[in-house]
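Single-structure report; data block below.
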Amino acid sequence: MRRGRTRQAQICDCSSREISLFFGVGAGQQGSTTAHRVSRDSRVTWTTPNVITLLRFASAPVLVCLLLHTGPLAAALAAAVFLLATVSDFLDGYIARSYGSGTTLGKFLDPLADKVVVISALVMLAGMPRTPRVPAWIVAVLVAREMMVTGLRAIAAAEGMVVGAEELGKYKMVLQSMAVQALLINYTYLHIDFFAAGMFLLWIAMAVSIWSGADYFVRVIRVFKPKPRALPPKRIAL
66 MRRGRTRQAQ ICDCSSREIS LFFGVGAGQQ GSTTAHRVSR DSRVTWTTPN
116 VITLLRFASA PVLVCLLLHT GPLAAALAAA VFLLATVSDF LDGYIARSYG
166 SGTTLGKFLD PLADKVVVIS ALVMLAGMPR TPRVPAWIVA VLVAREMMVT
216 GLRAIAAAEG MVVGAEELGK YKMVLQSMAV QALLINYTYL HIDFFAAGMF
266 LLWIAMAVSI WSGADYFVRV IRVFKPKPRA LPPKRIAL
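Counting in my numbering, the final residue of the sequence shown is number 303, and the numbers go up one at a time with none missing.
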């Protein structure tokens, strides 16, 4: 009989705690901890470099809309938007390093934003109605390289391995940005054929892109390659 009363009291006590937590009674400390955690995560997420990176994401659809139109004015506006996106890439990195405001989310979003902006511009330059156009197969090669490297990086991360970015990848991004900037200007100014200059830089960027992609693939394969086990020492019979 006493055991039954004790068990009934425990059930009532548990039920009262659950009800009080449900209605917010007696859960002040827990709620405060949760609110503090959410507030802290929000501060970490909404840092100045992350906001700049998100604005760079937002520049991609603006760039696409401008490239739907032809003419010197649309080309100049598209080139200006891309230039601002490129400058913001250096700006958020500088702020993150100078003020120690870099976050894990920012390390993920920053290169992704670069790829989104550059690939959006290249796809539109290959498909827009104006002539001359960027050859579509060059854009396909560059996009395939980015997809391969991103997939390999995701596989390595899933296995708990980190394969750092190589210097060639950084040079590739700089060359691509310079090429896209010239191709967006498109027209001849100050006796400079910006489309021809952009195509020259894009050919170099494609070569470096293929080289860096192959180098990254080899390094990932080496990381995943199982290491040979050391053989036990042989015993010499006396």
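Ideal Cβ positions, reconstructed from N, Cα and C, are used throughout, including at glycine.
Who are the Cβ neighbours of residue 72 in its own chain at under 8 angstroms, not counting the five residues just before and after it?
Caution is warranted here: a pLDDT of 45 is assigned to residue 72, below 50, making its placement in the model unreliable, and the coordinate value is therefore given only provisionally. So no residue of the chain qualifies.
Would a C-beta distance cut-off of 8 angstroms place residue 118 and residue 157 closer than the cut-off?
yes
Which same chain residues end up closer than 8 angstroms to residue 286 when comparing Cβ atoms and leaving out the 5 residues on each side of it in sequence?
none
Would you call the stretch 111 to 129 and the stretch 160 to 168 touching, i.e. three or more CB-CB distances under 8 angstroms?
yes
8 angstroms CB neighbourhood of residue 278 in its chain, flanking five on each side removed
210, 213, 214
Top-ranked residue by Cα proximity to residue 239, from 218, 250, 208, 273
273
Give me whichever residues DSSP pairs with residue 253 in a beta bridge.
258
Under a Cβ-count criterion, where at least 16 other Cβ atoms within 10 Å of its own Cβ denotes burial, should residue 164 be classed as buried or exposed?
exposed
What is the DSSP secondary structure of residue 133, counted as helix, strand or coil?
coil
Just the Cα atoms here: how many angstroms apart are residue 143 and residue 136?
Between residue 143 and residue 136, the alpha-carbon positions lie close to 11 angstroms from each other.
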